[in-house]
Structures are given as structure tokens and as C-alpha cells.
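Visitor: Sequences listed follow chains A and B, in order.
FYI, in our numbering the residues of the first sequence are 728 to 890.
FYI, in our numbering the residues of the second sequence are 20 to 265.
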Amino acid sequence: MALTLPEGDLQTRLERYLEGLGNRHGLEESEIVDGVVRIVAKKVDVPAVLATARETLGIPHLSFITVVDRQGYFELTYELIDFRGATVRVKTSIEGDEPVIGMVTGIYPTANWHEREAYDMFGVAFAGHPDLRRTYMWQDHFDHHPLLKSFEISTKRTFEGLR
Amino acid sequence: MGVMQQFNEPNLITTSTDKLFNWARKNSLWPLQFGLACCAIEMISTGMAHNDLDRFGAGFFAASPRQADVMIVSGTVSTKMAERMTRLYEQMPEPKWVIAMGACAISGGPFLDGYSVLMGADRVIPVDVYVPGCPPRPEALIFGIMTLQKKIERDQQVGYERPRPALVNEDGTINEYLPEREYTGISEGKAPRLEGMRPLQRTYVFERAGMPPGAQTDVGWVPPEVKKRLKEEAKARKAAEKEENA
């Protein structure tokens, strides 16, 4: 598939992204800060927002997904880039200790491993993910998500069931 | 073999098979091309022209475990990597040796209490030589390889049974042999030696069976028996002082 980069100069593109996303979805916050379109969306809207970004606005790449454990809720950030300097940062938060959110692997295939990593490190479950295995930690004998604030380092736990 | 130059015509040499095989083995150690972390850079540097590992016949880094003799565990072993490392070790043909290079491969090093770090390669595979350092300099690795050569020199090819771990009954009879995976004892140099052959000078005995003590990562930890001994010594000193004053 040939990649088509979005047209227009940086400011025009940023405004187009902001408008395009704001018109189609009920966003909680949306603004342009320092050349970045910053958007806060509700949890249920995230896959739709990213689908709009990909299909309608033509932003070709999902750069990364980050998760922050805020103790009580999780803060997720999806960063989209268009390879020409413009960035769209979609933020959302998930309440609860067992976070679940819709997957975006169907929209941006690269999200596959990003979501697996988020699941591995924070236990964020991505509903509908085709292959939600752990990436870094071993699948057997390790029943923890090490980047959670509630995770305490214990040498013993590391060796559960391993000899 | 320098000794051949002393002959003017074809001749015979009488030697023991042990000596011959050990001589061949120790001078053609092929390490496995297996780098894990920053120690690997130092290992590569050791193999380069300046340090020239080829002087010891160990300069050829075999790209396949099937052709390798030595595994140099160079770097932090994460628990996930431990499975792969064990598999590579098992794929290497006998005889095979392992060098644990650097603090991480010996004990986990600075990452000792990390959630994903194996506390020493000798938890899963038998290690022959430990090369301390963070990372060790090439000279140290070369010294480790020379130490391994000395160990191989004293190895025994035939005439003894390799120590095998077994479950033993109370009267000393063997109940059942454990599977080969439980490498206990092999790296401890417990194989019987020929008479007149000097045993390897051992400096450490690693008691690594089972779980590490919970306090192993605690900086302030002192073993209870040592604590007790220190207490008694202090007591004795105090008593002596009292007697002196009186």
C-alpha cells in the first residue's frame, strides 16, 4: 500500500485535525499546544476517534501508546504522527483496578504490540485484541503487572515456580 | 606441538588419552556467539586484534550452538532469557563449559532485585569459571579462559562416572536418579581425580540450592551465626577489658 502524506503546511494540518476530530466526536477537551493537537476523549470514544484520524483525516501512523497508573485510574495516551511534523495526542482515562478498553489494532495494526506491552506492564485489557499475550514477562509463573504502583519488588516472587 | 621439532625422523609419542584429548580440547575452545548486554561489547573487544583471543584458540565465535564448546554468558540474564539460554546450553554438544562473565551473570549484579532478572546464570546452567567485573576488562576475560583451560587440563575423559544427582535413601542406597536438568554438583568439581593429580584450587563453594534468602538483597543483613559470633566476641573482649582494669 502506497503511503500518501497529508497535504498543507503545519498550522493548516493541525487545525484540520482539530476540527475534523472535534466535529465528529464529543471530546472533553481539544486544543493546539506547541504544535501538538491535544485531545481528551471518553474511554468508549477512543477507537472511533482513532478510526476517524486514520480513515478520514489520513494520519498514517500511531507512534506509541503510554499508560500511567494514577492509583485509582489509568491514563492512556495514544500519539499519532503524520510524518510531516504534526502530532495528535489522544488522552483518555480508565477508572477502576481492572481496566478494560476497546482495541485499536484493527485501525492501526502497529497497536498490536503496543497494546500487548500495556497489558503486560499494567494489566490493561484491550477488548477484542487478537493475541493478547505478554510481551516481556514470561507467561508462566508470573502473575503480576510490574509497572503498577501497587507492585512491590520481591526477590522471592521473581522465582515463583522457577526451580 | 613443539616436541615434534625435536625428532629428526618419524617417531612415536606415548601419552595418556586424557592428556591428548585435554590438550586438544583446551586449545580449540570455540565460544558460542552469544552476547546479552554490555559485557558482550567487552567480549567482542577481546576477540579483536588488539587482545587477540586466537592466541588461545578461542577466537572463533561459533554462530551455532552445535559447533560451540564454551558459552560465555556476557551480561544480565533476564528470566525470560534464562529459558532461551538453557535451551542454547542444551543444544551444545558435550563436552561443554560455561563462563559467567561480569557481575550480572554471576549474581544479577546491580539488577539483583529487579522483577525480571535472574540472580546468576548458575541458577539454571552449571558455571565453570566466574569472571568478576562490571564489565570485566578483556584481560580479565582472557584470564578466565586461561583458567578454564587449566580446568580442562585436569579433566578426566574415561574411567569415572560423571556425578549424577540422585535421591538417596537413609542407608545411603540410591533410590532414583534425578533428570539431567538438575545440574547440581557438576560445576562443583566433585569428579574423582587420578592419584597424584593436584585437585583444582577452589576458593568458593556456592551454596545455591533452593530459594535465595529473603534478606540477600538487604544491605544491612548479617547471617545469624555470624551475628551470634560477633556478639560473643564483643562480650569476650569486654570481659577481658574488665579483667585488665581490675
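Glycine residues also receive a C-beta, built at the ideal position from the N, C-alpha and C atoms.
Indicate, with yes or no, if the ligand HEM has a heavy atom lying under 7 Å from the CB of A/Thr-783.
Guide: Of ligands this structure carries none, so the ligand HEM is not represented either.
Visitor: Pick helix, strand or coil for A/Asp-870, following the three-state DSSP scheme.
Guide: For this step, residue 870 of chain A is matched to residue 143 along the first sequence. A/Asp-870 falls in the coil class under three-state DSSP.
Visitor: How would you list, in chain order, the residues of chain B whose beta-carbon sits under 8 Å from the beta-carbon of A/Trp-865?
Guide: Counting from one through the first sequence, the residue named residue 865 of chain A turns up at place 138. Residues of chain B passing the Cβ test: Thr-98, Lys-99 and Glu-102.
Visitor: Straight-line CA distance for B/Ala-77 to B/Ala-101?
Guide: Taking the second sequence and counting its residues from 1, the one referred to as residue 77 of chain B is at position 58. Taking the second sequence and counting its residues from 1, the one referred to as residue 101 of chain B is at position 82. About 24 Å.
Visitor: Assuming B/Leu-55 contacts B/Pro-84 (C-beta within less than 8 Å), just tell me the rounded distance between them.
Guide: The residue labelled residue 55 of chain B in the question sits at position 36 within the second sequence. The residue labelled residue 84 of chain B in the question sits at position 65 within the second sequence. About 15 Å separates the two Cβ atoms, so there is no contact after all.
Visitor: Could you tell me which residues DSSP pairs with B/Ala-255 in its beta bridges?
Guide: Locating residue 255 of chain B in the second sequence gives position 236, counting from the first residue. For B/Ala-255, which the question treats as bridged, DSSP gives no partner whatsoever.
Visitor: Using beta carbons (cut-off 8 Å, strictly below), is B/Ser-135 in contact with chain A?
Guide: For the purposes of this step, residue 135 of chain B is taken as residue 116 along the second sequence, with counting starting at 1. Yes, B/Ser-135 lies at the interface with chain A (some Cβ there is under 8 Å from its Cβ).
Visitor: When you check each C-beta in the stretch 782-803 of chain A against every C-beta of chain B, which residues fall closer than 9 Å?
Guide: none
Visitor: Considering only residues of the same chain and omitting the five flanking positions on each side of A/Glu-756, which have a CB-CB separation below 6 Å?
Guide: For the purposes of this step, residue 756 of chain A is taken as residue 29 along the first sequence, with counting starting at 1. Within the same chain, A/Glu-756 has close Cβ partners Val-767.
Visitor: Round the Cβ separation of B/Val-146 and B/Leu-137 to the nearest angstrom and send it over; I've been treating them as touching at under 8 Å.
Guide: One-based indexing of the second sequence puts residue 146 of chain B at position 127. One-based indexing of the second sequence puts residue 137 of chain B at position 118. Rounded, the Cβ-Cβ distance is 12 Å, inconsistent with contact.
Visitor: According to DSSP, simplified to helix, strand and coil, what is A/Gly-812?
Guide: The residue given as residue 812 of chain A occupies position 85 in the first sequence. Of the three classes helix, strand and coil, the one that applies to A/Gly-812 here is coil, per DSSP.
Visitor: Identify which residue in B/Gln-175, B/Ser-93 and B/Thr-105 has its Cα closest to the Cα of B/Gly-127.
Guide: Working through the second sequence from its first residue, we reach residue 127 of chain B at position 108. It is B/Ser-93.
Visitor: Going by C-alpha to C-alpha distance, which of B/Phe-26, B/Arg-173, B/Val-241 and B/Tyr-134 sits closest to B/Ser-35?
Guide: Counting from one through the second sequence, the residue named residue 35 of chain B turns up at place 16. That would be B/Arg-173, whose Cα lies nearest to the Cα of B/Ser-35.
Visitor: On the three-state DSSP scale, how would you describe A/His-841?
Guide: As a working note, residue 841 of chain A is residue 114 in the first sequence. A/His-841 falls in the helix class under three-state DSSP.
Visitor: So what's B/Met-90 in DSSP terms, helix, strand or just coil?
Guide: Counting from 1 along the second sequence, the entry for residue 90 of chain B is found at position 71. Here B/Met-90 sits in strand by DSSP.
Visitor: Go through its chain and collect everything with a Cβ distance to B/Ser-135's Cβ below 8 Å, but skip five positions before and after it.
Guide: By one-based count along the second sequence, residue 135 of chain B stands at place 116. So the list reads Ser-97, Thr-98 and Lys-99, once near-sequence residues are dropped.
Visitor: Which residues bound the beta strand (DSSP E) around A/Ile-759?
Guide: Your numbering for residue 759 of chain A matches position 32 in the first sequence. Its beta strand (DSSP E) spans residues 756-760.
Visitor: I'd like the ranges of any beta strand (DSSP E) spanning at least 3 consecutive residues and lying wholly in the stretch 93-176 of chain B.
Guide: Inside the stretch 93-176 of chain B, DSSP marks whole beta strand (DSSP E) runs of 3 or more residues at positions 116-120 and 148-150, from first to last along the chain.
Visitor: In angstroms, rounded to a whole number, what distance separates the CA positions of B/Gln-24 and B/Ala-43?
Guide: Position 5 of the second sequence, counted from the start, is the residue given in the question as residue 24 of chain B. Position 24 of the second sequence, counted from the start, is the residue given in the question as residue 43 of chain B. If I take the Cα positions, the gap works out to 18 Å.
Visitor: Write down the C-beta distance between A/Thr-862 and A/Glu-879 rounded to the nearest angstrom, noting that I regard them as a contact closer than 8 Å.
Guide: As a working mapping, residue 862 of chain A is identified with position 135 in the first sequence. As a working mapping, residue 879 of chain A is identified with position 152 in the first sequence. Not quite, the Cβ-Cβ distance comes to about 22 Å (not below 8 Å), so this is no contact.
Visitor: Quick one: residues in its chain with C-beta nearer than 6 Å to the C-beta of B/Ser-64, no 5 flanking neighbours on either side, listed in chain order?
Guide: Taking the second sequence and counting its residues from 1, the one referred to as residue 64 of chain B is at position 45. Pro-157.
Visitor: What are the boundary residues of the alpha helix (DSSP H) that includes A/Gly-747?
Guide: Here residue 747 of chain A corresponds to residue number 20 of the first sequence, with the count starting at 1. Unbroken alpha helix (DSSP H) run through A/Gly-747: 737-751.
Visitor: Quick one: which residues of the stretch 116-136 of chain B get their C-beta closer than 8 Å to a C-beta of chain A? List them in chain order.
Guide: Leu-131, Asp-132, Gly-133, Tyr-134, Ser-135 and Val-136
Visitor: Closer than 7 Å, Cβ to any Cβ of chain B: which residues of the stretch 812-840 of chain A, in chain order?
Guide: none
Visitor: Are the beta-carbon atoms belonging to A/Leu-732 and A/Phe-810 less than 8 Å from one another?
Guide: Numbered from its first residue, the first sequence carries residue 732 of chain A at position 5. Numbered from its first residue, the first sequence carries residue 810 of chain A at position 83. In this structure, A/Phe-810 lies closer than 8 Å to A/Leu-732 by Cβ.
Visitor: Can you tell me where the alpha helix (DSSP H) with B/Asp-37 in it begins and where it stops?
Guide: Taking the second sequence and counting its residues from 1, the one referred to as residue 37 of chain B is at position 18. B/Asp-37 -> alpha helix (DSSP H) spans 36-45.
Visitor: Rounded to a whole number of angstroms, what is the C-alpha to C-alpha distance between B/Ala-159 and B/Val-150?
Guide: The residue given as residue 159 of chain B occupies position 140 in the second sequence. The residue given as residue 150 of chain B occupies position 131 in the second sequence. Distance between the alpha carbons of B/Ala-159 and B/Val-150: 7 Å.
Visitor: Please report the straight-line C-alpha distance between B/Leu-219 and B/Lys-170, rounded to a whole angstrom.
Guide: In the second sequence, residue 219 of chain B corresponds to position 200, counting from 1. In the second sequence, residue 170 of chain B corresponds to position 151, counting from 1. Only weak support exists for where B/Leu-219 lies, its pLDDT of 36 falling under 50; the value from the coordinates is given anyway. The straight-line gap from Cα to Cα measures roughly 7 Å.
Visitor: Less than 8 Å between the CB atoms is what I'm expecting for A/Glu-822 and A/Tyr-800, so what's the real figure, rounded?
Guide: Counting from one through the first sequence, the residue named residue 822 of chain A turns up at place 95. Counting from one through the first sequence, the residue named residue 800 of chain A turns up at place 73. Yes, they are in contact, since the Cβ atoms of A/Glu-822 and A/Tyr-800 sit about 5 Å apart, within 8 Å.
Visitor: For the beta strand (DSSP E) that contains A/Thr-832, what are its first and last residues?
Guide: Sequence index remark: in the first sequence, residue 832 of chain A carries index 105 (1-based). From DSSP, A/Thr-832 is part of no beta strand (DSSP E); its letter is neither H nor E.
Visitor: From which residue to which residue does the beta strand (DSSP E) around A/Val-795 run?
Guide: Within the first sequence, the letter at position 68 stands for residue 795 of chain A. Note, A/Val-795: beta strand (DSSP E), 788-796.
Visitor: Among residues of its own chain, excluding the 5 on either side of B/Met-62, which ones have a beta-carbon nearer than 7 Å to its beta-carbon?
Guide: Counted from its first residue, the second sequence places residue 62 of chain B at position 43. Contacts found: Gly-54, Ile-91, Ser-93, Met-120 and Leu-160.
Visitor: Please name the residue, chosen from A/Leu-741, A/Gly-749 and A/Ala-838, that lies closest to A/Pro-720 on a Cα-to-Cα basis.
Guide: A question about residue 720 of chain A goes unanswered here, because the residues of chain A that appear run from 728 up to 890.
Visitor: Can you tell me where the beta strand (DSSP E) holding B/Glu-195 begins and where it ends?
Guide: If you number the second sequence from 1, residue 195 of chain B lands on position 176. That run of the beta strand (DSSP E) goes 193-196.
Visitor: Mapping DSSP to helix, strand and coil, what is B/Ser-64?
Guide: Within the second sequence, residue 64 of chain B is the residue found at index 45, counting from 1. Looking at B/Ser-64 - three-state DSSP - the assignment turns out to be helix.
Visitor: Quick one: list the residues of chain B neighbouring A/Pro-733, beta-carbon separation under 9 Å, in chain order.
Guide: Stepping through the first sequence from its first residue, residue 733 of chain A is reached at position 6. Per Cβ cutoff of 9 Å: no residues; A/Pro-733 is ~40 Å from chain B at best.
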